[in-house]
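Trainee:
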Amino acid sequence: MWKNYLKIAYRNLRSNKVFSTINILGLAVGMGVCLLIFQYIHFELSYDRFHPNSEQIYRLTQTINKRGEIISYSPFTTNGLGAEAKTNLPEIEDLVRVNFLDLSLVVINPDDQLSHQEDRLLFVDPGFLDLFHYPLKYGDKVSVFQEKHGIVITERMAVKYFGDNNPVGKTLETSGGVMSGSFVVSGVLEPLPENSHLQFDFLFPLDFLISKYGRYKSGGGWDWDDFVTYISIQDHFNPIETVEKFEDLITLHKGEELEKLNEKWKIGLQPLSEIHLYSNFTRDFETNNGNLRHLWFFAIVASFILLMAWVNYVNLTTSQAMLRSKEVGIRKSIGADKGQLISQFMLEAVLVNFTAAVLALALSAVLLPVLQELVGKNISFRLLSDPIFWVSFILTVGVGTLLSGLYPAFVLTSFRPVNLIKTGGFNPTSNWSLRKSLIVFQFFVSLLLIAGTYLVYQQVLYMKNQELGMDVEEILVIDGPRVIVESVIENGTTLSDHYQAFKNQATTQHSISSVTSSSSVPGKGYIFESMVRKSTDPDENLAMGNFVLMDRDFIPSYGLEFIASTEIPENIPDWTYVLINEAALEALDFGSADAALGQEVEFFSYKTKILGVVKNFHWDSLKDSYSPTFYILDNAYGVYFSVRMNKSDIQGTIAHLKQSYEKVFPGDPFSYFFLDEEFNRQYQADLQFGKLFTSFSSLAVFMACLGLFALVSFSASMKTKEIGIRKVLGATSRSLIGLLTREYLYLLLLAVILTVPVIYFWGNSWLENFAFRINIGIAAFLVPGAIMLVIAMVTVMGRILSTTRENPVKALKAE
């Protein structure tokens, strides 16, 4: 019996090649895209789970609360907290402190003097490779950090500095002022997993950093919170009690000071596996964290695409019911019961769905490189090696087959055989209400996805094109020197003299109008964050502020606008004067910009006098609101040189800058970037989200159009005789096109109306993540509708035109 069913199923699929192909192709595309999306979601959820004991590893977080208000939330804690906890908390199995140096260093191979400026540097405790699973290609995990000057590098760095040779035992030197030193390569790591939140090229010993930076020893190591602390807790201990013990240590060492400042430091434990998706900090070292909300969006899109594929199947199968009606009538009349007929049609559904599932696996493998290109990561199909995936996949396809196959099967077997044989079929519009609902659903989903794509790109364009309050166009940024810092220390000269010499040399080129040095540039963060107060205020009246060091040429070079200012002296001592922005003016409650001039602000042990107040400008992405920022005037902190130039002769200008740089800073590698391009990289994650959303939305729209084309084709074939009669009676092609498209246009209009509230509330919910955002106007509703209308008409117009142009004689001859 089943063999016979298979033969009938195969013959039916073969006899209706177009609709069978559309059914199988639609389901294959839907399932394949769904697989791709869930592979991406699986990859994002897999971050840091490759460590064998990942469920026991936590990262400390610290919330600073002042007068009931959270002023800082970050993964940074003090050096002293980690050191004390390691000694005094027995439940901690391993504890590792990590410092992300905020400066790049020049790394040199002394054998051939090959040098590069590197910034992916971590300073770590010796137990780093015990806590984290990063396999070594060369070296012994036990001994890599036994020597004070032993370092571990990645395989990529080993090839970069030593070629294909084993570099263990070889020497690398660093230049960068107090961070200069000579190190021995003691280990080489295998390539780091893509799904690790820690991405680095060098592991240096933390003791070397602490010995060089005196500030990390001040206050017994409790004054600077620049350290990220990871711990693993033994199974039988309660993490909540461990948090309380951390806070007891803070009270012991900082309690009196915090009480005076009216502050409270609260410690939290963040599971390692949650770092990538749940790190919404006010201050962080990671710039490539994931977004859980985006994953939810993609999961919904994947579900919709799969639903649309099955909706297409139901629509097309039920619309073709009339073609199978005589078959059903004859089989019923010779004794076939309803169960047998349902089994026959369910077998066809199984055959179509599981053929599509096999094609979907192949399609997802073919499209995987496209996904890798879109997300910029090397994602492999790890899902296929997971038994849970196969169980879920087979169950999903099975349930989908059952649900999408049962309704058409019941429709086809629910009619009386006498009526089916007598009339030659049944009215295909008898189940038109359900098909209308399903078409509206497809239009609804497609419109939502098009609207989402429109909003994402409008917001990104808004952020990229918005007035920043400064001029970042035609600014070339050069990484500041590191090697010269060491020679200055040895020779007793001043950095400001060297910086000025470079500026003088660079500005001899007619295309360069100014050069300025600073500790950072827009889009690259701040040198530090600190509590700050007016000198006239009591100690507890503190505000959190961000700090940038810059010379006096920074303001004119960037075109910043003063609200109030006094003349900036030509020669000024470092760290004596400061400029503030409007946000800082408000945070410290100066009242007016003029009132702030000449007043002093205090941070750490420094007092600086305010020389000017600048208008708020976007130092960071437009996702963030303006933050209180203090620009300390300093002539000798050139982490970056910003060069304002015209672009009439870019290559000639860069060659001149390179020559000037190498003359003044011999031994320092010359590297640069254009600021406008670098600043816009802050929106890379949003652009990536937009590209993914667009790609998946396009496939969903393709699914809707595939079903629409098939339905219109079938509808046109059912109305062939009606069209022939209308043409004989004088109907025009325009009226016939209206006849065939009118009902679908009404359905599209209904879908547009239904999407309006969803687009409005969903769009505003997503836009709440941005401090500076677009407003949702009428275009957000009309543009998706217009796009869907054009796509739908292009999809079906060819088939409709061919139908309306047929000779009516042919249509009526069979009658």
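The numbering used here numbers the first residue of the sequence shown as 1024 and each following residue consecutively. Virtual Cβ for every residue (Gly too), placed ideally from N, Cα, C.
To which residues of the same chain is I1823 closer than 7 Å at the C-beta, ignoring the five residues directly before and after it?
Mentor: V1735, A1739, I1760, L1763, T1764
Trainee: Using only the alpha-carbon positions, how far apart do F1719 and V1806 sit?
Mentor: 18 Å
Trainee: Name the DSSP beta bridge partners of A1383, please?
Mentor: Paired residue(s): none; A1383 is not in a bridge.
Trainee: Measure the C-alpha to C-alpha separation of V1041 and L1394 and round it to an integer number of angstroms.
Mentor: 30 Å
Trainee: Please work out which residues of its chain come closer than 8 Å, Cβ to Cβ, to S1453, disregarding the five sequence neighbours upstream and downstream, and give them in chain order.
Mentor: Caution is warranted here: a pLDDT of 49 is assigned to S1453, below 50, making its placement in the model unreliable, and the coordinate value is therefore given only provisionally. Short of 8 Å from the beta carbon of S1453, and not among the five residues preceding or following it, lies no beta carbon of its own chain.
Trainee: In terms of residues, what are the limits of the beta strand (DSSP E) holding F1696?
Mentor: Run containing F1696: 1695–1697, per the beta strand (DSSP E) assignment.
Trainee: In the segment 1040–1115, which residue ranges form an unbroken beta strand (DSSP E) of at least 3 residues, counting only runs that do not cross its ends?
Mentor: Within the segment 1040–1115, the complete beta strand (DSSP E) runs of at least 3 residues fall at 1080–1089, 1092–1097.
Trainee: Using a beta-carbon distance below 8 Å, is K1714 in contact with chain B?
Mentor: Of the protein chains in this structure there is only one, and it is not chain B.
Trainee: Among Q1622, L1565, F1702, which has the Cα closest to the Cα of I1094?
Mentor: L1565
Trainee: Can you give me the start and stop residues for the alpha helix (DSSP H) that H1679 sits inside?
Mentor: Per DSSP, H1679 is one residue of the alpha helix (DSSP H) stretching across 1673–1687.
Trainee: One question on the structure: do F1467 and T1778 come within less than 8 Å of each other, judged by their Cβ atoms?
Mentor: Contact: yes.
Trainee: Classify F1784: buried if its beta carbon has 16 or more other beta carbons within 10 angstroms, exposed otherwise.
Mentor: exposed
Trainee: For A1794, which residues in the same chain have their Cβ closer than 7 Å to its Cβ, ignoring the five residues on either side in sequence?
Mentor: L1645, K1646, D1647, S1648
Trainee: Out of curiosity, what's the CA-to-CA distance linking L1772 and F1725?
Mentor: 19 Å
Trainee: When the Cα atoms are used, what is the spatial distance from G1423 to V1495?
Mentor: 54 Å
Trainee: Can you tell me which of the three DSSP states T1265 falls into?
Mentor: In the structure shown, T1265 sits in a helix (DSSP, three-state: H, G or I).
Trainee: From this set, A1606, N1594, K1638, E1590, which residue's C-alpha is nearest G1621's C-alpha?
Mentor: E1590
Trainee: Ends of the alpha helix (DSSP H) at S1519?
Mentor: Segment 1518–1529, the alpha helix (DSSP H) holding S1519.
Trainee: For H1533, count neighbouring Cβ atoms within 10 angstroms of its own Cβ and tell me buried if that reaches 16, exposed if not.
Mentor: By the 10 Å Cβ count, H1533 comes out exposed.
Trainee: Taking the straight line between their C-alpha atoms, what separation do you get for I1814 and F1702?
Mentor: Looking at the two C-alpha atoms, the distance is approximately 36 Å.
Trainee: Measuring CB to CB, does N1338 end up less than 8 Å from L1461?
Mentor: yes
Trainee: Would you call E1552 buried or exposed, if buried means 16 or more other Cβ atoms sit within 10 Å of its Cβ?
Mentor: buried
Trainee: Quick one: using the 10 Å Cβ neighbour count with 16 as the cut-off for buried, is G1800 buried or exposed?
Mentor: exposed
Trainee: Please tell me whether L1083 and K1160 are closer than 8 Å, where the distance is taken between their beta carbons.
Mentor: Cβ distance not < 8 Å, so L1083 and K1160 don't count as in contact.
Trainee: Taking a contact to mean a Cβ-Cβ separation below 8 Å, would you say F1231 touches G1192 in this structure?
Mentor: If you check the CB distance, F1231 and G1192 do not come in under 8 Å.
Trainee: Determine the direct distance from the alpha carbon of F1260 to that of L1722, and round the result to whole angstroms.
Mentor: 50 Å
Trainee: Am I right that D1576 and S1537 are in contact with their C-beta atoms under 8 Å? What's the rounded C-beta distance?
Mentor: 6 Å
Trainee: Flag this pair as touching only if the segment 1311–1327 and the segment 1062–1070 have three or more C-beta atom pairs under 8 Å; answer yes or no.
Mentor: Cβ pair count under 8 Å is three or more, so yes.
Trainee: Counting beta carbon pairs with one atom in the segment 1669–1688 and one in the segment 1603–1614, are three or more of them shorter than 8 Å?
Mentor: no
Trainee: Which partner residues of S1665 appear in the DSSP bridge assignment?
Mentor: Per DSSP, V1500, T1539.
Trainee: If you follow the beta strand (DSSP E) that P1579 is part of, which residue opens it and which one closes it?
Mentor: No beta strand (DSSP E) holds P1579; the alpha helix (DSSP H) holding it covers 1577–1581.
Trainee: Determine the direct distance from the alpha carbon of L1272 to that of P1266, and round the result to whole angstroms.
Mentor: What sits at residue 1266 in the sequence shown is Val, not Pro. In a straight line, the C-alpha of V1266 is about 10 Å away from that of L1272.
Trainee: Please work out which residues of its chain come closer than 8 Å, Cβ to Cβ, to D1562, disregarding the five sequence neighbours upstream and downstream, and give them in chain order.
Mentor: The beta carbon of D1562 sits closer than 8 Å to the beta carbons of K1283, L1284, R1556 from its chain, once the five residues preceding and following it are set aside; these are given in chain order.
Trainee: Any idea if R1120 is buried or exposed, counting beta-carbon neighbours within 10 angstroms, 16 or more meaning buried?
Mentor: buried
Trainee: Okay, do the segment 1314–1322 and the segment 1078–1092 touch, 3+ Cβ pairs below 8 Å being the bar?
Mentor: no
Trainee: Let me check understanding here. Comparing Cα to Cα, which of R1090, P1504, F1626 lies closest to W1288?
Mentor: R1090
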